[in-house]
Amino acid sequence: QEYTWRIQSNLNEGEPGYIALEEDFAELATEMSDGRIEFEIYPVGSLFPIADGLEAVGSGVTEMAVLTGGYYTGKLGPIATLESGVPGSMRTPLERFNFFYERGFIDLAREAYSDSGVYYLGPQFSPSWDIVSTVPITSKEDFEGLKIRSFGLEAEWYESMGAEPVFMSGGDIYSALATGTIDAARWASPAGNMNNSFHEVADYYVQPSPMPVPNNFFAVNSQAWEALPDDLKAILNQAAVASSLSYITLSMNEDANAMQEMIDSGMEVSTIPPEEWTEMEAEARKLWRAYDEEGGLAAEGVEMLDQFLQDMGYSQ
Amino acid sequence: MIDPVMATVVLFGGMILFLGLGVPIAFALGGFSAGMIYFFWSPQALNMVAIKAYNTVSSFEYLAIPLFIFMAAMLQRARIAEDLYNTMQVFFGGLRGGLAIGTIVICTIFAAMAGISGAATISMGLIAIPAMLSRGYGKGVALGSIAAGGSLGILIPPSVTMIVYGIVANTSIGKLYAGGLLPGLVLAAIFCVYLLARGWIQPEISGGALARRYSLWEKAVSIKGLILPLLLIVSVMGSILTGIASVSEAGAVGAAGSLVAAALLGRLNWSSVEDACKETLMLSCMIFWIIVGATALSTFYTAMGASRLIEGLVLDLELNRWMVVIAMLSILLVLGMLLDTVGIIMITAPIFVPIVTQLGFDPVWFGILFIILMEIGFLTPPFGYNLFYLRGVAPSHVTMTDIYYSVLPFIALMLFGVGLFMVFPQIILYLPEMIF
Amino acid sequence: MLNSAVKLVDTVIACLGKLAALFILAIIATMVLEMVMRGVFGMSTPWAGDVSSWLLVGVIFLGGPWALANGNFVRVDAVFGILPARVKALIDSTVSTVLFALFAYVLIDFGGDLALRSFQIGETSATGAWEGPVWVSKALVPLGTCLLSLAWVSHLIRSWQDLKQDGTDINHD
Ligand code: NA
Ligand code: NA
Numbered sequence: 135q136e137y138t139w140r141i142q143s144n145l146n147e148g149e150p151g152y153i154a155l156e157e158d159f160a161e162l163a164t165e166m167s168d169g170r171i172e173f174e175i176y177p178v179g180s181l182f183p184i185a186d187g188l189e190a191v192g193s194g195v196t197e198m199a200v201l202t203g204g205y206y207t208g209k210l211g212p213i214a215t216l217e218s219g220v221p222g223s224m225r226t227p228l229e230r231f232n233f234f235y236e237r238g239f240i241d242l243a244r245e246a247y248s249d250s251g252v253y254y255l256g257p258q259f260s261p262s263w264d265i266v267s268t269v270p271i272t273s274k275e276d277f278e279g280l281k282i283r284s285f286g287l288e289a290e291w292y293e294s295m296g297a298e299p300v301f302m303s304g305g306d307i308y309s310a311l312a313t314g315t316i317d318a319a320r321w322a323s324p325a326g327n328m329n330n331s332f333h334e335v336a337d338y339y340v341q342p343s344p345m346p347v348p349n350n351f352f353a354v355n356s357q358a359w360e361a362l363p364d365d366l367k368a369i370l371n372q373a374a375v376a377s378s379l380s381y382i383t384l385s386m387n388e389d390a391n392a393m394q395e396m397i398d399s400g401m402e403v404s405t406i407p408p409e410e411w412t413e414m415e416a417e418a419r420k421l422w423r424a425y426d427e428e429g430g431l432a433a434e435g436v437e438m439l440d441q442f443l444q445d446m447g448y449s450q
Numbered sequence: 252m253i254d255p256v257m258a259t260v261v262l263f264g265g266m267i268l269f270l271g272l273g274v275p276i277a278f279a280l281g282g283f284s285a286g287m288i289y290f291f292w293s294p295q296a297l298n299m300v301a302i303k304a305y306n307t308v309s310s311f312e313y314l315a316i317p318l319f320i321f322m323a324a325m326l327q328r329a330r331i332a333e334d335l336y337n338t339m340q341v342f343f344g345g346l347r348g349g350l351a352i353g354t355i356v357i358c359t360i361f362a363a364m365a366g367i368s369g370a371a372t373i374s375m376g377l378i379a380i381p382a383m384l385s386r387g388y389g390k391g392v393a394l395g396s397i398a399a400g401g402s403l404g405i406l407i408p409p410s411v412t413m414i415v416y417g418i419v420a421n422t423s424i425g426k427l428y429a430g431g432l433l434p435g436l437v438l439a440a441i442f443c444v445y446l447l448a449r450g451w452i453q454p455e456i457s458g459g460a461l462a463r464r465y466s467l468w469e470k471a472v473s474i475k476g477l478i479l480p481l482l483l484i485v486s487v488m489g490s491i492l493t494g495i496a497s498v499s500e501a502g503a504v505g506a507a508g509s510l511v512a513a514a515l516l517g518r519l520n521w522s523s524v525e526d527a528c529k530e531t532l533m534l535s536c537m538i539f540w541i542i543v544g545a546t547a548l549s550t551f552y553t554a555m556g557a558s559r560l561i562e563g564l565v566l567d568l569e570l571n572r573w574m575v576v577i578a579m580l581s582i583l584l585v586l587g588m589l590l591d592t593v594g595i596i597m598i599t600a601p602i603f604v605p606i607v608t609q610l611g612f613d614p615v616w617f618g619i620l621f622i623i624l625m626e627i628g629f630l631t632p633p634f635g636y637n638l639f640y641l642r643g644v645a646p647s648h649v650t651m652t653d654i655y656y657s658v659l660p661f662i663a664l665m666l667f668g669v670g671l672f673m674v675f676p677q678i679i680l681y682l683p684e685m686i687f
Numbered sequence: 264m265l266n267s268a269v270k271l272v273d274t275v276i277a278c279l280g281k282l283a284a285l286f287i288l289a290i291i292a293t294m295v296l297e298m299v300m301r302g303v304f305g306m307s308t309p310w311a312g313d314v315s316s317w318l319l320v321g322v323i324f325l326g327g328p329w330a331l332a333n334g335n336f337v338r339v340d341a342v343f344g345i346l347p348a349r350v351k352a353l354i355d356s357t358v359s360t361v362l363f364a365l366f367a368y369v370l371i372d373f374g375g376d377l378a379l380r381s382f383q384i385g386e387t388s389a390t391g392a393w394e395g396p397v398w399v400s401k402a403l404v405p406l407g408t409c410l411l412s413l414a415w416v417s418h419l420i421r422s423w424q425d426l427k428q429d430g431t432d433i434n435h436d
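As they're listed, the protein sequences go chains A, B and C.
Sequential numbering of the first sequence, starting at 135, is according to the working numbering.
Sequential numbering of the second sequence, starting at 252, is according to the working numbering.
Sequential numbering of the third sequence, starting at 264, is according to the working numbering.
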């Protein structure tokens with residue numbers, strides 16, 4: 135082979151997103167390139183913390199990584215939040231696919247990350263990021279006084295409904311839910327939440343999801359990217375799309391199983407009725423629309439997103 | 252790229268050489284890693300060392316370390332630790348090895364307050380080493396019981412190590428928590444029985460010279476020495492259990508509580524607070540600089556394909572299922588001599604756990620054995636955090652050789668415990684099966 | 264001349280160290296404040312988590328040089344402890360110094376880049392809950408390591424001077 139790249143995943147071995155990276159990105163690209171590029175995959179955090187992923191990939195600690203934009207708002211501003219997905223916007227992965235690849239949001243993302251020495255290869259769409267809670271949440275009022283682990287735009291959103299957002303690192307959530315330091319936590323999809331054992335300490339699974347179609351992204355070191363010939367670049371672009379779709383489909387199965395298993399173990403689904411949810415989503419839209427004032431890429435992103443939602447016939 | 256077998260040999264060789272020569276541990280680990288990364292990974296990858304250094308030192312979970320050290324330093328300055336040991340002396344003074352047993356008991360309680368190891372070892376080292384040495388205990392008994400007792404911190408919940416393991420190995424954290432409790436208590440009991448036996452055989456190093464029985468009145472009077480430490484324990488554990496504090500924040504309750512306790516006794520003054528701060532800084536620097544170096548080393552080893560090496564080793568085994576488990580635990584024992592806990596979990600858990608499950612073993616049972624092997628890793632040379640921590644807190648007449656010898660019997664006892672839990676898996680599985 | 268330079272370095276390091284030691288009280292205060300605000304007033308302090316972590320960075324990197332000067336960077340002294348002072352000084356001046364230099368170089372150079380980059384892009388807290396500048400604490404990594412290097416040099420000079428005077432042990436603890 136001509137190229138060997140290290141990739142750090144955003145997940146642990148065996149999780150759907152890791153498998154989608156391994157089989158449908160790495161192995162596929164190796165096969166399509168006739169073995170000219172090969173990959174070694176490492177689980178999340180084993181080479182560097184994901185919060186420092188931009189510096190790590192940008193400086194070439196690894197040639198590539200799957201990263202999560204939500205961690206980089208402090209570095210890149212609101213465009214990173216828009217890239218990860220925002221509440222009150224799209225609802226299906228295909229819409230997101232359209233938005234990135236047909237509407238051209240991917241170009242905005244590429245521009246945003248280029249300053250960090252990172253080539254934004256493409257999004258890896260992920261299953262929903264949901265809320266688990268120790269108290270039932272069936273209305274907007276139930277957020278009043280709710281101590282919920284969250285951050286960024288979502289934290290502002292919950293706060294606007296009277297909640298008390300608490301930021302804490304992933305490792306503290308389990309014990310914090312168990313003892314009541316927090317009442318709720320926004321974390322991953324059903325399979326991810328079950329992997330963290332949250333169903334043991336939180337009785338309610340809140341629906342609908344605040345983040346129904348978020349995404350992580352494939353980050354490539356700019357120099358490593360530039361060093362590739364055009365045909366390999368094209369192969370990696372296609373492999374990214376393939377991996378993205380396979381992650382969504384793999385997770386459908388895993389999430390359905392996990393949900394069933396958690397319900398069997400006594401967890402209850404707590405649903406907010408549609409009319410009320412629509413109202414809440416409108417609140418969220420106000421928050422990210424305000425990014426408009428920041429100008430630059432953030433403003434462009436907001437405009438693009440608004441236009442898209444309008445074209446899809448979603449309410450204001 | 253370097254072959255993982257080669258990397259293992261070079262790592263082991265380098266560590267033994269540089270640590271053996273007496274290079275300050277942090278610099279040996281950090282400098283050696285930097286050189287290896289430069290030559291065998293890539294010069295750009297050196298960024299990882301700086302990234303991880305900042306990330307480790309600024310991570311919220313690790314704040315518990317300085318906070319609990321401060322608590323211990325303050326308790327010592329306010330002579331509350333002294334009072335506590337006086338009380339223990341009055342109650343257990345007639346029993347040879349009694350204070351060592353008392354130390355194990357306090358370590359066990361400490362383990363239930365802190366989620367991170369190091370907190371307990373350092374804090375107890377600070378309090379218990381001088382207290383035991385001054386009451387007729389030998390270095391071996393004093394040091395060994397603290398090193399071993401302190402390592403219980405990751406087995407008895409709460410435990411940050413178990414959370415890391417649970418997530419990486421996809422094992423229920425609640426079941427691990429429940430599964431760790433009884434083995435933790437059993438190990439503590441094993442330590443106590445051993446200390447009792449040793450006190451009987453070797454009274455001269457187990458407080459025998461100062462042994463005497465105290466009257467009932469003396470005992471009643473001395474109980475007041477227990478009040479403040481007990482209140483402090485109740486408030487730290489209470490703050491976690493009632494949700495006032497997260498596990499990482501509980502250390503702050505302990506630290507603030509130690510100031511309040513000192514004030515209640517009228518022993519709070521600026522110079523002792525300043526002193527406690529200084530001691531906390533000194534010991535925290537020792538620990539964190541070592542952690543930074545150790546993290547660089549295990550990350551390098553991970554990047555060089557350590558997982559593939561381990562996978563190859565295990566998959567080649569054509570043994571019966573029990574021998575496979577024993578082989579895995581042996582690999583953990585060896586890696587424990589070289590690497591830090593998180594590194595070992597990252598490298599081995601994703602490989603071991605699916606195999607163990609496939610062989611029909613309970614993943615919670617295996618998880619607890621895994622955690623105990625991590626505890627043993629804290630004690631095994633050349634790289635053992637608890638050994639270094641003790642070096643940092645022990646008076647200067649205690650040598651590293653003393654520390655090595657002191658932990659050997661406890662390593663043997665823990666391995667005995669591992670055997671016991673393999674033969675009687677119910678010790679691990681009883682609570683998880685009852686609760687879940 | 265050399266002596267007064269060493270003395271100056273030692274003084275600066277001790278002053279910074281004493282300051283950093285007080286950060287520990289600030290950490291306790293910040294965390295207690297957060298617990299009280301959350302528990303009693305039901306609102307989380309957005310900056311408490313970051314500030315306490317950043318203070319710890321200060322403790323470790325500004326305090327590190329002082330800890331080194333006080334002999335708190337532990338060694339495995341099973342062999343080292345029984346070596347003659349001259350051999351100890353020789354090991355420290357060669358092997359230890361090379362390893363130290365490698366480690367320090369990485370933290371100063373690459374850590375410096377990280378801090379500079381953080382400053383240039385105006386990085387703020389990752390939680391997005393407040394606008395705290397991250398570069399301040401990131402800059403402590405290269406800064407602290409520079410001071411640590413000075414402390415190491417001062418330690419080496421001391422150990423050779425002690426040797427010349429009376430052949431005493433090089434550890435100042
Ligand atoms: Na514990
Ligand atoms: Na070890």
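Where is the CB? At the ideal position from N, CA and C, for every residue including glycine.
The structure presented is a predicted model; accordingly, all values stated were derived computationally and were not measured.
- With 6 Å as the limit between CB and the heavy atoms of ligand 2, the residues that fall short of it are G587(B), M588(B), G628(B), T631(B), F634(B), G635(B).
- Residues I397, L641, V644 of the same chain have their beta carbon placed closer than 6 Å to that of G376(B), with the five preceding and five following residues left out of the count.
- Residue pairing by DSSP places P396(C) opposite T387(C) in a beta bridge.
- For the 8 Å CB-CB criterion, Y655(B) and P632(B) form a contact.
- Between Y339(A) and S273(A) a beta carbon distance of about 16 Å is seen, past the 8 Å cut, so the two are scored as non-contacting.
- Those residues of the stretch 388–399 of chain C placed with their C-beta closer than 8 Å to a C-beta in chain A are S388, A389, T390, G391, A392, V397, ordered along the chain.
- Counting C-beta pairs with one atom in each stretch, the stretch 294–314 of chain A and the stretch 230–249 of chain A have fewer than three that are closer than 8 Å, which means they do not touch.
- In this structure the stretch 318–332 of chain B does not touch the stretch 396–403 of chain C; the number of beta carbon pairs closer than 8 Å is below three.
- In this model, V354(A) and E157(A) are separated by some 18 Å (Cα to Cα).
- CA-CA distance, P408(B) to T546(B), rounds to 24 Å.
- In chain order, G273, T650, M651 make up the part of chain B whose C-beta sits under 7 Å from the C-beta of D340(C).
- Short of 6 Å from the beta carbon of E290(A), and not among the five residues preceding or following it, lie these beta carbons of its own chain, in chain order: L421.
- Under DSSP, Q258(A) forms a beta bridge with N350(A).
- For V341(B), the three-state secondary structure derived from DSSP is helix.
- Straight-line spacing of the CA atoms in D425(C) and V358(C) works out to 20 Å.
- Look at A199(A) here: in three-state DSSP terms it is strand.
- When DSSP states are grouped into helix, strand and coil, M302(A) belongs to the coil group.
- At a cut-off of 8 Å between beta-carbon atoms, S267(C) makes no contact with chain A.
- Taking a C-beta distance under 8 Å as the contact criterion, V404(C) and A301(B) qualify as a contact pair.
- Non-local beta-carbon contacts of A379(B) in its own chain, meaning distances under 6 Å to residues more than five positions away in sequence, involve T354, I397 in chain order.
- Chain A has a Cβ within less than 8 Å of the Cβ of N298(B).
- For M345(A), the uninterrupted beta strand (DSSP E) segment begins and ends at 338–345.
- Interface with chain C (8 Å Cβ-Cβ cutoff): F278(B) is included.
- Set against 7 Å, the gap from the CB of A390(A) to the closest heavy atom of ligand 1 is not smaller.
- Closer than 7 Å to some heavy atom of ligand 1: that does not describe the Cβ of G401(B).
- With a cutoff of 8 Å on beta-carbon distance, I678(B) and V437(B) are scored as near each other.
- Positions of the beta strand (DSSP E) runs, each at least 3 residues long and wholly inside the stretch 312–389 of chain B, cannot be given because no such run exists.
- Between the stretch 317–326 of chain B and the stretch 571–579 of chain B, the count of C-beta pairs closer than 8 Å stays below three; the two stretches do not touch.
- Around the beta carbon of K529(B), 16 or more other beta carbons sit within 10 angstroms, so the residue counts as buried.
- Chain order gives the chain C residues near F301(A) as S307, P309, G312, T390, A392, where near means a beta carbon separation below 8 Å.
- In the structure shown, S417(C) adopts helical secondary structure according to DSSP, grouped into three states.
- Between I418(B) and N329(A) the beta-carbon gap is near 7 Å, inside 8 Å, which marks them as a contact.
- Approximately 6 Å separates the beta-carbon atoms of L483(B) and A512(B); this is inside 8 Å, confirming the contact.
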